[in-house]
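Under this note's numbering, the sequence shown has 544 at position 144, and the numbering climbs by one with no breaks. Even for Gly, the Cβ is constructed at its ideal location relative to N, Cα and C. Please read the structure below before turning to the comments.
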Amino acid sequence: MYLNETLDNYEKKLRYVQLIYSNMTAPATRCAFSGSTQLENNCINNRSDIIVKFEKPFVNLGGSYNGSTGYFTVCHNGVYSFALTVHNNVYFENLNVSSCAEIRVNGATVARATEIQNSDLQDSITAVFAKKLKAGDKIAIVIPQDCSLCFVSLYNTFTYFLLYPMY
401 MYLNETLDNY
411 EKKLRYVQLI
421 YSNMTAPATR
431 CAFSGSTQLE
441 NNCINNRSDI
451 IVKFEKPFVN
461 LGGSYNGSTG
471 YFTVCHNGVY
481 SFALTVHNNV
491 YFENLNVSSC
501 AEIRVNGATV
511 ARATEIQNSD
521 LQDSITAVFA
531 KKLKAGDKIA
541 IVIPQDCSLC
551 FVSLYNTFTY
561 FLLYPMY
């Protein structure tokens, strides 16, 4: 009797784990993007916020990135990993600028990376973090007012992916 009850409990737990695993690996939960800017030797030193558009997507699983608006739409509730790298090469423009960018979710800044140029001509900043998001949330990478970004192909990158779904 005891052996049958124990076996039943383990079978229930196994079915539960299998269900969770199948939900995690279902195509609907595959949500990821990685891409870079493509314009070369072109610097933006702006007076208002500008949404960065990633012209060269490497991966766009789930179709969450809209290249015409620059917005990412979260495709599934869960915890996401983000990595943003911004590279400035002001050698071409000879500007005294601060390199910075923000990751915004639904218009609110959730991460900011800033580096003030000193004597060097190239700056690079990276922000990496994880955040719980809801399906439909809008993500944008923004160059804030009075910051700059020099587009050097493949150095300005943004990557995000679903770490695990939440139900």
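Following the DSSP letters along the chain, one finds GLY435 inside the beta strand (DSSP E) bounded by residues 432-436. Under the three-state reduction of DSSP output, ASN488 falls in the strand class.
Counting of Cβ neighbours within 10 angstroms places PHE482 among the buried residues, the total reaching 16 or more.
Nearest Cα to GLU455 within the set ALA501, LYS531, VAL528 and PHE558: PHE558.
Between LEU554 and SER436, the CB-CB gap stays under 8 Å. In terms of Cα proximity to LEU563, the closest of ASP449, LYS412, GLU411 and VAL474 is VAL474. Note on the segment 456-487: there is no whole alpha helix (DSSP H) run with a minimum of 4 residues. In the DSSP assignment, LYS538 forms a beta bridge with THR473. Here ILE451 is actually not in contact with VAL510; their C-beta atoms are around 15 Å apart, not less than 8 Å. Secondary structure note for LYS532: its beta strand (DSSP E) is the uninterrupted segment 522-533. Here the C-alpha atom of VAL486 lies approximately 27 Å from the C-alpha atom of HIS476.
By the neighbour-count definition (other C-beta atoms within 10 Å, threshold 16), ARG447 is an exposed residue.
As a beta-bridge residue in DSSP terms, LEU562 pairs with TYR480.
In the displayed model, ARG504 falls within a strand according to three-state DSSP. Non-local beta-carbon contacts of SER524 in its own chain, meaning distances under 8 Å to residues more than five positions away in sequence, involve THR485, VAL486, HIS487, ASN488, SER499, GLU515 and TYR555 in chain order.
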